[in-house]
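Heads up: the structure comes next, in structure tokens.
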Amino acid sequence: MSALTREETQALIQEVLEVYPEKAKKDRAKHLMVNDKALESSKKCITSNRKSLPGVMTMRGCAYAGSKGVVWGPIKDMISISHGPIGCGQYARGGRRNYYVGTTGVDTFCEMNFTSDFQEKDIVFGGDKKLTKLMEEIEMLFPLNKGISVQSECPIGLIGDDIEAVSKKVAAQINKPVVPVRCEGFRGVSQSLGHHIANDSVRDWIISNRDGQAFEKTPYDVAILGDYNIGGDAWSSRILLEEMGLRVVAQWSGDGTLAEMENTPNVKLNLLHCYRSMNYISRHMEEKYGIPWLEYNFFGPTKIAESLRAIAAFFDDKIKEGAERVIEKYTAPMNEIIAKYKPRLQGKKVMLYVGGLRPRHVVGAYEDLGMVVVGTGYEFAHNDDYDRTMKDMGDATLIYDDATGHELDEFVKAMKPDLIGSGIKEKYVFHKMGYPFRQMHSWDYSGPYHGYDGFAVFAKDMDLTLNNPVWKMLKAPWLKEEATAELKAA
Amino acid sequence: MANIMIRRGAEGYVFYMPKRDIEDQITSMEFDTPEKWGGEIKLKNGGCYFIDPQPAPARLPYSVRASRIDGVE
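Chains as they are written, first to last, in our numbering: chain C, 13 to 502; chain G, 3 to 75.
Shown next, in the form of structure tokens:
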């Protein structure tokens, strides 16, 4: 399947590593591997979740990005305060296009920037008073908020502010949950620790709020975890689950509310889409409330059908029939889409470098379109992610962890993929190199990509990007003239 | 000593250490009876941990303190 053989890929890795000094070379070599499906554990062949080396260009984010930007930010009826200097909050407000229903500024707040805007005097004298005042102002100006979370930025941890005490005091005052989150950006090696911290704060401050309260249960209650509704992803997943007869009680956290999160311990099954960012809370709910969890994959019809059947296996025959009915209903339209786009995309090579779940989850969707993923990698994965990835990727494909700018450039130059899927920081570099590129963090301002409806958008987007005539016109006019002049001379 | 969580997977016990995000199959557990449970546990990745022998937990997953005897972090 792969474009290169195992030996060639290994040689490519060696070649790319050549430019590094001895020590860096030794370290980076551990983060690059050639996939071998026969292996069961990634432990021996790839190292992950390690500190990036100074001097290499990493694409990672910080713990604050993982907590505010990913997990807490999309909860629509809570206000997440970016506690610290103003920039972090400004660049983390709704940037992932976590869609939601509601009137921003009245009952929903994802796209707004609430920040304590730290100045020098706050660093010197502490920011606790400012935080108290900020929360009182929030309560006055936005009375329909359901709760507040305090997302610490770096200085909070450095100067040792006691946000827990402030939160407790204000929570008693306004009679709403106020959650202090210790997600200072310098913690951990990447945004991954931010997810973990956010999950732990949900566990400590939110999840048991309604324990013992009455809740009208059905035997078919499920919760969607780890779907951030990027471009409407959670909605196109939700309708499939509802169509097969399940009741979706909560969406975490895209288009999710605080009440939904508090009600989640009542569900029968937790459905986990982004394993990396929400497995912690799923494990907690499994232990405390005995709720099983299941990883599913809603990219591409093959994987959706597999996932729907796996979900249905947890329930009775009514749901199993429902799953078959849903699969049956969408088979014809999906075949139509594949028939339309597959001839235009067949055999094209894709390289991915994203985070979270996408480097392995979208492989199935590309395969449905006849495309081959020749290289994939995560910014901030752990070993358990690579264990899962190795099964989804083809043999002898390239896998890279926390790839550096240099490595990505060289891999692309050598492997010449027809399409690259990565983030905004890589986008224009590869555009300038003349490679079709999709920004796969937020679906390049398109979406949804989850579910059957999402696959239609996915297929169309990939075709529009890949077969865009503009890629043939990238040569600068003066370079083109030279080429023709040479031709004439010859 | 570290907190670990033991849950039941498709093929027996699964080991999970939240602090380091290590998830792996448990290949053998020294004691596995309702009265005495725990002892030395061996992981598929070669790791080896020790849980104080205790009565088996009523319900899995179960969080417990474990000490590392040998192996990968």
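No residue lacks a Cβ here, since even glycine has one placed at the ideal position from N, Cα and C.
*Residue ranges of each beta strand (DSSP E) run of no fewer than 3 residues wholly in the segment 443 to 469 of chain C, ordered along the chain?*
449 to 451
*Exposed unless 16 or more other CB atoms sit within 10 angstroms - verdict on C/Asp187*: For this step, residue 187 of chain C is matched to residue 175 along the first sequence. A quick correction: the sequence has Asn, not Asp, at residue 187 of chain C. So C/Asn187 counts as exposed.
*Taking just the CA atoms, how far does C/Leu486 sit from C/Lys439?*
To locate residue 439 of chain C, count along the first sequence from 1; it is residue 427. To locate residue 486 of chain C, count along the first sequence from 1; it is residue 474. Each residue's alpha carbon lies about 15 Å from the other.
*Based on the DSSP output, what are the partners of G/Trp39 in its beta bridges?*
As a working mapping, residue 39 of chain G is identified with position 37 in the second sequence. Looking at the DSSP assignment, G/Trp39 forms a beta bridge with G/Asp34, G/Gln56.
*asked:* Once DSSP output is grouped into helix, strand and coil, what is the label at C/Arg222?
replied: The residue you call residue 222 of chain C lines up with position 210 of the first sequence. Of the three classes helix, strand and coil, the one that applies to C/Arg222 here is coil, per DSSP.
*Partner residues on chain C for G/Tyr18, Cβ-Cβ distance less than 7 Å*: Taking the second sequence and counting its residues from 1, one reaches residue 18 of chain G at position 16. Arg295, listed in chain order.
*Of the residues that make up the segment 302 to 322 of chain C, which ones have a beta carbon closer than 8 Å to any beta carbon in chain G?*
Gly302
_According to DSSP, is C/Ala23 part of a helix, a strand, or is it coil?_
Here residue 23 of chain C refers to the residue found at position 11 when the first sequence is read from its first residue. Three-state DSSP puts C/Ala23 in a helix.
*Touching by the beta-carbon criterion (3+ pairs, under 8 Å), the segment 388 to 401 of chain C and the segment 59 to 78 of chain C*: yes
_Given C/Glu123 as reference, the closest of C/Gln263, C/Gln131, C/Lys80 once Cα atoms are compared_ = As a working mapping, residue 123 of chain C is identified with position 111 in the first sequence. The shortest Cα separation from C/Glu123 among C/Gln263, C/Gln131, C/Lys80 belongs to C/Lys80.
*Among G/Phe52, G/Leu62, G/Met7, G/Glu32, which has the Cα closest to the Cα of G/Asp72?*
Working through the second sequence from its first residue, we reach residue 72 of chain G at position 70. G/Asp72 has its Cα closest to that of G/Phe52, out of G/Phe52, G/Leu62, G/Met7, G/Glu32.
*Proximal residues, the segment 412 to 429 of chain C versus chain G, C-beta separation under 8 Å*: none
*asked:* Using a Cβ-Cβ cutoff of less than 6 Å, which residues in the same chain neighbour C/Gly334 once the five nearest sequence positions on both sides are dropped?
replied: Here residue 334 of chain C refers to the residue found at position 322 of the first sequence. Excluding positions up to five away in sequence, the list reads Met256, Gly257.
*Taking only runs of the alpha helix (DSSP H) that begin and end inside the segment 339 to 423 of chain C, which ones reach a length of at least 4 residues, in chain order?*
370 to 373, 375 to 380, 395 to 404
_Give me the subset of the segment 34 to 61 of chain C whose CB atoms are less than 9 Å from a CB atom of chain G, sorted by chain position._
Residues Glu52, Ser53, Lys55, Lys56, Asn61.
*Compute the Euclidean distance between the alpha carbons of C/Phe327 and C/Tyr232, then round it to the nearest angstrom.*
To locate residue 327 of chain C, count along the first sequence from 1; it is residue 315. To locate residue 232 of chain C, count along the first sequence from 1; it is residue 220. If I take the Cα positions, the gap works out to 7 Å.
_Would G/Arg61 pass as an interface residue toward chain C - the criterion being a Cβ-Cβ separation below 8 Å?_
The count along the second sequence starts at 1 and reaches residue 61 of chain G at position 59. It does; some Cβ of chain C falls within 8 Å.
*Show which residues of chain C have a CB atom less than 7 Å away from the CB atom of G/Asn47.*
Taking the second sequence and counting its residues from 1, the one referred to as residue 47 of chain G is at position 45. Neighbours of G/Asn47 on chain C, chain order: Ser53, Lys55.
*Counting only beta-carbon atoms, is G/Arg9 nearer than 8 Å to chain C?*
For this step, residue 9 of chain G is matched to residue 7 along the second sequence. With 8 Å as the cut-off, G/Arg9 counts as an interface residue toward chain C.
*Assigned secondary structure, G/Tyr64 (DSSP; H/G/I helix, E/B strand, else coil)*: On the second sequence, position 62 is the one that residue 64 of chain G refers to. G/Tyr64 falls in the strand class under three-state DSSP.
*Determine, using beta carbons only, whether C/Ser289 and C/Pro460 come nearer to each other than 8 Å.*
Residue mapping note: residue 289 of chain C aligns to position 277 of the first sequence, counting from 1. Residue mapping note: residue 460 of chain C aligns to position 448 of the first sequence, counting from 1. Contact flag unset, no.
*asked:* So C/Asp396 contacts chain G; which residues on that side make the cut at Cβ distance below 8 Å?
replied: Sequence index remark: in the first sequence, residue 396 of chain C carries index 384 (1-based). Those are Asp23, Ile24, Glu25, listed as they occur along chain G.
*asked:* Pull the bridge partners of C/Phe126 from the DSSP assignment, please.
replied: Within the first sequence, numbered from 1, the residue matching residue 126 of chain C stands at position 114. C/Phe126 pairs with C/Ile93.
*The beta strand (DSSP E) enclosing C/Gln185, as first and last residue numbers*: Sequence index remark: in the first sequence, residue 185 of chain C carries index 173 (1-based). Element bounds for C/Gln185: not the beta strand (DSSP E) but the alpha helix (DSSP H), 175 to 186.
_Exposure of C/Phe467, with buried meaning 16 or more beta-carbon neighbours within 10 Å_ = For the purposes of this step, residue 467 of chain C is taken as the residue at position 455 of the first sequence. Classification of C/Phe467: buried, given that the 10 Å Cβ count is 16 or more.
*Is C/Lys315 helix, strand or coil by DSSP?*
Position 303 of the first sequence, counted from the first residue, corresponds to residue 315 of chain C. Correct three-state label for C/Lys315: helix.
*Hey, quick one: how far does the alpha helix (DSSP H) through C/Gln102 stretch, first residue to last?*
Taking the first sequence and counting its residues from 1, the one referred to as residue 102 of chain C is at position 90. Run containing C/Gln102: 98 to 102, per the alpha helix (DSSP H) assignment.
*Can you name, in chain order, every residue of its own chain whose Cβ lies under 6 Å from the Cβ of C/Gln102, other than the five neighbours on each side?*
The residue given as residue 102 of chain C occupies position 90 in the first sequence. If we look at C/Gln102 and ignore the five residues flanking it on each side, its Cβ neighbours are Asn125.
_Which residues in chain C have a C-beta closer than 8 Å to the C-beta of G/Ser65? List them in chain order._
The sequence position of residue 65 of chain G within the second sequence is 63, counting from 1. The answer, in chain order, is Glu299.
*asked:* With a threshold of 8 Å, are at least 3 pairs of Cβ atoms found where one atom belongs to the segment 351 to 365 of chain C and the other to the segment 428 to 444 of chain C?
replied: yes
*So, C/Thr503 versus C/Asp89, is the Cβ gap smaller than 8 Å?*
In this structure chain C extends from 13 to 502, so residue 503 of chain C is not present and cannot be described.
*Could you tell me which residues DSSP pairs with C/Val46 in its beta bridges?*
One-based indexing of the first sequence puts residue 46 of chain C at position 34. Looking at the DSSP assignment, C/Val46 forms a beta bridge with C/Leu410.
*asked:* Please identify, using Cβ separations under 7 Å, the residues of the segment 338 to 350 of chain C that lie next to chain G, in order along the chain.
replied: none
*My guess is that C/Ala77 and C/Gly206 are in contact by the Cβ rule of under 8 Å, so how many angstroms apart are they, rounded?*
Position 65 of the first sequence, counted from the start, is the residue given in the question as residue 77 of chain C. Position 194 of the first sequence, counted from the start, is the residue given in the question as residue 206 of chain C. Indeed, because the Cβ distance is near 6 Å, the residues count as touching under 8 Å.
*Output yes or no for whether 8 Å exceeds the beta carbon distance between C/Val441 and C/Met405.*
In the first sequence, counting from the first residue as 1, residue 441 of chain C sits at position 429. In the first sequence, counting from the first residue as 1, residue 405 of chain C sits at position 393. Cβ distance not < 8 Å, so C/Val441 and C/Met405 don't count as in contact.
*asked:* Taking 6 Å as the limit between beta carbons, can you name the residues of its chain near C/Lys315, skipping five residues before and five after?
replied: Here residue 315 of chain C is taken as the residue at index 303 of the first sequence, counted from 1. Within the same chain, C/Lys315 has close Cβ partners Asn309, Gly376.
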